[in-house]
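A.B. asks: In the UniProt record's numbering, the protein residues as written are 1 to 172.
1. Evaluate contact between the stretch 110-122 and the stretch 18-37, counting only Cβ atoms and requiring at least three cross-stretch pairs below 8 Å.
2. Could you check the C-alpha separation between residue 2 and residue 63 for me, to the nearest Å?
3. If we require 3 or more residues per run, which beta strand (DSSP E) segments fall completely within the stretch 92-144?
4. Assign residue 76 to one of two classes, buried (16 or more other C-beta atoms within 10 Å of its C-beta) or exposed (fewer than that).
5. Using DSSP bridges, identify the partner residues of residue 52.
6. Can you give me the start and stop residues for the beta strand (DSSP E) that residue 23 sits inside?
7. Give me the Cα-Cα distance between residue 87 and residue 29, rounded to the nearest whole angstrom.
8. Alpha carbon to alpha carbon, how far is residue 89 from residue 81?
9. In whole angstroms, give me the CA-to-CA distance for residue 129 and residue 7.
10. Applying the criterion that 16 or more other CB atoms from any shown protein chain within 10 Å of the CB defines a buried residue, is residue 167 buried or exposed?
11. What's the call for residue 104, buried or exposed, on a 16-neighbour Cβ count within 10 Å?
12. So, helix, strand or coil for residue 155, using DSSP?
13. Would you tell me roughly how many angstroms separate the C-alpha atoms of residue 53 and residue 16, rounded to the nearest one?
14. Between the C-alpha atoms of residue 127 and residue 70, what's the straight-line distance to the nearest angstrom?
15. Roughly how many whole angstroms lie between the Cα atoms of residue 51 and residue 150?
16. Anyone know if the C-beta pair for residue 111 and residue 122 falls short of 8 Å?
What follows is the structure in structure tokens.
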């Protein structure tokens, strides 16, 4: 069985801690070697709402890309993402990287453009995988973060999942 390394971005602006923990629990049920970045609070981008908690996870999967994306949508739905009366965004999970794939895969564009546009994606990704090279740009995530000129306020926050502190004290 061949495993593919994936990086996923998670965010929530409603009951942030509980929705992120529920999302991580669901991901841990079918992904291997799940690792989490620090958690950051950020102001919303593109929507009017309260602040978000965001993080990036790295894991391995034997699922094809479309099946992985389908499962992520089910986890979002289980957390109220598509409820007609929802206010805000309970849980958002995006595929940022799927191996080294680059291109449009039936409407799923990889690597995800938000990597280079949003500090709440690029900073945690650069901390998790500083030497990994962005498949389309050809630079490491550490270099991309150092060179980034993204005007977004981002603050590390203490966050615990499964008795593990995700955000190191050095960032707090």
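Here a beta-carbon is modelled for each residue, glycine too, at the ideal position from N, C-alpha and C.
All values derive from a computational prediction rather than experimental measurement.
C.D. replies: Result, derived from the coordinates:
1. no
2. 9 Å
3. 92-98, 103-105 and 108-110
4. buried
5. 42
6. Not the beta strand (DSSP E): residue 23 falls in the alpha helix (DSSP H), residues 16-28.
7. 28 Å
8. 6 Å
9. 10 Å
10. buried
11. exposed
12. strand
13. 6 Å
14. 27 Å
15. 17 Å
16. no
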